[in-house]
Amino acid sequence: MPTGTVSLLFSDIEGSTALVKRLGGAYAEALDVQRQVLRRAWVDHGGTELGTEGDSFFVAFPTAEAAVVAASTGQRNLSACQWPAAERVRVRMGVHTGSPTVHDNGYVGMDVHRAARIAAAAHGGQVLVSEPTANLSKAWLPNGVRLRDLGLHQMKDLPEPERLFQLTIEGLQSDFPPLRTLGTTSSLPRGATPLVGRDGQLAELAAMLSSPHARLVTLTGPGGSGKTRLSIGAAELLVDRFPDGIHFVPLAAVTTADVMWTTIAEVIGIPPEGRTLPSFFDHVAHQRALLVLDNLEQIVGADDVVAELLDKAPEIVVIATSRRPLNLPGEVQRAVPPLDLPAGTTLEEAERSSAVQMFVWHAKAVNASFAMSAANAAAVAQLCRRLDGLPLALELAAARTKVLSASALLARLDMALDLAAPGSRAPVRQKTLRDTIAWSYQLLDSRQQAFLRRIGVFAGGADLDALAAVAADILDDATDPLDLIAGLVDASLVSITEDYRGEPRVSLLETIRSYALDQLRFAGELDRTRLLHAEHFLLVVHPLQSRMAGSEEQVIAARRRFELEHDNFRQALTWALQECDRSEGSSDRISLGVKLCRCLADLWADAGYLSEAQKWLEHVTRLVGEDGPDLASCLNSLANVYHGQGQFDRAAQIAAEAVAVEGRLGRQKELASALKTLGYCEDARGDHQASQAAYLEALGIAVVLQDRPLLGDLLTELAVAAMDETRYEEALYLASRSLTIYAEVGREHQALSNRLLIAETVFRMGRIREAHTRFTEAIPSVLRFASLGSRIDTAEVYSCVLGALGDVEHAARLLAAASVSRERNGLPRHAAQETLISDQLNKTNADLDTGSWNIQYERGRSMSVDTALTEAHAAHYTARAV
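So for the sequence shown, our numbering puts the first residue at 10; every next one is plus one.
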């Protein structure tokens, strides 16, 4: 055994249990091969085998260099093996260098634990090494082996974060999912109430979710029974079990599978360009994460989403809350019971009840002087029984302790329940949440009741303007809607938050919202209120579309408002289009939905909701079905969506249909817009002749109409074509003309594109320093409000500029980050752009150290386009300032 400073290596087979199931008796053969290959690598490089258990090894080496060479040799030799049944045995390894204590022919101490934790953080085929090992071995790495810095990671039972490095071995896999460490993302909300009376259920859930046999646990029960709070509590106990994060996904406002996928992607942190299938699974297929999917019962197809998620992401575990089970194979269903009720009416008996404890907590929150006593114990115990121990019911009742004693509250509760069931002579039984909400609702005056009903139509909350739009008939000049809202807040029926503008935003718990909608339906007010809701949000979205073509401030503000109200837009569309039966009088409703869809198309595309845009636009084109302005506009928007998805042939086909319809309608401005869309769709699929013809025809119409913004757009597209065909002076002239037009009409978004186009053109002309200055000045605006495609294009061309200036580090990282983003989203480069990048890459590698380029390129592959641009700009902006 080596003593003093030694390097300790741990290894084991990833997924060995699953491998045993797949191979059966052939697993022994695979295990023997793995042992023979690795033992030869250990022996050849001076390793001392200290322990072997199943598929794992514990080996000590006299030097860090020897351990690193042995690990890389072992991985190379394993990759060359022929395994039974064409399987692949993937071994993970971890190496740490320290000075462990020798004891009983072995080692003890923190260095041993550190090495084991490092190995446990790796994935199959990956070799991780600690910072001491990296520092001691970096000058002696074998050919084709490099160290990649993975940064600081917190590991279980280790007090301080560890800087970890990966051995990147030429010819073997180099990109892996995030490490299995504790430094993970968690989007769990902080519990608003204490979690009382749930210790046994928490322990059961935590144990269940930690086992490999329960990948889907569904908590069922009535609204307000505490399903959400229990799921959060269980997830909080499991942070160290899921190295890739624990994510809380609120789905109460979601009704379709498409939106469910998008919402999950948003919460996980997948960028907009990766939110569509199958790109979604490029991000999560190998993640070991826990998803808390909250409120699934109203989502059509939720079971299909969860089934596909579990099938294609085999390390994902789901805990779901729903009023009904998903009924999927392997699903573990757990009903969430009410809190336990008091066994009697004495103070001691009441205080032992978790239902009473919850009631008292909420009562103290609204009335600091409230306290349990022998005088009120019986009334509180009776209240909790009447309310079935349901947490939300207890909260609603406790809110009234501001003005009512426990006895008075109990009397009012009985009276309200009698009204809910008139003439009943049966003994009073435990009541459901609906009864509790009904009681609280009946305590409101008539205007408050009507106001609460109207709030039910909103998904994701509403501001004061939206509330006024649906409740104009119950408001007058003397009534401040805030007074009505305050009464509902006091009754714990609504909550108020502050939006990004600092304006109040009112929302309902989903169970109360469901009750409010029922009351709206019973009152015969549902369709009328839905109409007012949809009309209001058409007024909200209409100016957002034009602001997306305005100043930088307008673009950013439009995006924020769109995200804030997206659930309401979806709600309005669903009512107007999906729930419409084409009956007499429905045409106005459909027309309203079509207008909403048309206004939302550009916003969806900008935010990365392309699959959602495609679904709605395809639905609308089928619903409209005949020549008309609505069909033409929706076809044009749909062509843009297909173009954004990289479906260029389909995009050109749809754009041609839009041109044909507009031609028959004779709307010249709209025809020019459709021709512009057709032009860049044809250009994207490589038919430059057809593209030029479409642009020139549109240009003629724009000139006749004197439509300056459209003229600017067309001059820009013609400038791009001229640049690609090396007619640089013409390109500069056209782009400059377009830039002047955009400045006149205040279109900063499009002006930015032209500034980038001019910068690229002067670079192609060989004016490198000028191009560098132009790009460096434009990049802050690119990062603030350019589209994804524009950010990718900018990163690639800026990479060429920096490569020409000799900055290999940032040039390589920019190109790598952009290339990965293109691959992930299926966005091919145009031929001229491919030529530009290839030519510059050849020049750079001829002038600079290729090895340096490759190292930086590998680092760039793990960076986002925005991160790479930010880093490069910071370096060059500082350099220019100096």
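Every residue gets a Cβ at the ideal spot worked out from N, C-alpha and C, and that includes glycine.
query                                                                                                                           : result
Whether A143 touches M164 by CB criterion (8 Å)                                                                                 : no
Helix, strand or coil at L426 according to DSSP, with G and I counted as helix                                                  : Note that L426 scores 34 on pLDDT, short of 50, meaning its location in the model is unreliable; the coordinates nonetheless yield the value given after this. Three-state result, L426: helix.
Outcome for Y509 when other beta-carbon atoms lying within 10 angstroms are tallied against a minimum of 16                     : exposed
Beta-carbon proximity list for E245, same chain, < 7 Å, skipping 5 on both sides                                                : L197
Residues that DSSP places opposite E769 in a beta bridge                                                                        : Per DSSP, none; premise fails for E769.
Selection from R189, S523, A124 that minimises the alpha carbon distance to R250                                                : R189
Option in A94, M102, V98 with minimal Cα separation from W51                                                                    : M102
CB of W625 within 8 Å of CB of L619, strictly                                                                                   : no
DSSP state of D658 mapped onto helix, strand, coil                                                                              : helix
Unbroken beta strand (DSSP E) run spanning F70, endpoints                                                                       : 65-70
Residues of its chain near A344, where Cβ-Cβ distance is below 7 Å and the 5 sequence neighbours each way are ignored           : T229, G230
Spatially closest choice to H54 from F460, S378, V68, G60, by CA coordinates                                                    : V68
Cβ pair L173, L159 closer than 8 Å                                                                                              : yes
Start and end residues, beta strand (DSSP E) containing D21                                                                     : 15-22
Beta strand (DSSP E) runs contained entirely in the stretch 589-628, provided each spans 3 or more residues                     : none
Rounded Cβ spacing between A585 and R570 (contact assumed at less than 8 Å)                                                     : That belief does not hold up - the Cβ atoms of A585 and R570 are roughly 20 Å apart, past 8 Å.
Nearest neighbour of L399, chosen from A415, F368, T271, A374 [CA to CA]                                                        : F368
For V365, the nearest candidate out of H575, P203, P334, I777 (CA to CA)                                                        : P203
Residue burial classification, H222 (beta-carbon count within 10 angstroms, cutoff 16)                                          : exposed
Spatial distance of L741 from Q715 (CA atoms)                                                                                   : 22 Å
Rounded straight-line distance, which links the Cα of A610 to that of A660                                                      : 15 Å
Euclidean distance between Cα positions of G617 and G353                                                                        : 58 Å
Reduced DSSP secondary structure (H/G/I, E/B, other) of P490                                                                    : helix
Contacts around L413, its chain only, beta-carbon distance under 8 Å, and the 5 residues preceding and following it disregarded : R421
Beta-carbon separation (whole angstroms), A311 vs L305, contact threshold 8 Å                                                   : 4 Å
Nonlocal neighbours in the same chain, by C-beta distance under 6 Å from I328, ignoring five residues either side               : V226, S240, V301
Presumed contact (8 Å Cβ cut-off) between V104 and S139, rounded CB distance                                                    : 7 Å
Whole-angstrom C-beta distance between G559 and L582, which should lie under 8 Å                                                : Going by Cβ atoms, the distance from L582 to G559 rounds to 25 Å, so no, they are not a contact pair.
Start-to-end residues for the beta strand (DSSP E) that takes in D303                                                           : 299-303
Min CB distance S516 to chain C below 8 Å                                                                                       : No chain C appears in the structure shown, which is made up of a single protein chain.
Same chain, Cβ closer than 6 Å to T876, five either side skipped, listed in chain order                                         : none
Residues that Q342 bridges to, as DSSP identifies them                                                                          : T227
Nearest candidate by alpha-carbon position, reference P11, set L59, V77, Q45, D21                                               : L59
Inside the stretch 253-314 only - beta strand (DSSP E) runs reaching at least 3 residues                                        : 255-259, 299-303
Span of the alpha helix (DSSP H), counted from its first residue to its last, around I777                                       : 777-794
Sequence-distant residues of its chain with Cβ nearer than 7 Å to F290 (five each side left out)                                : K321, A322
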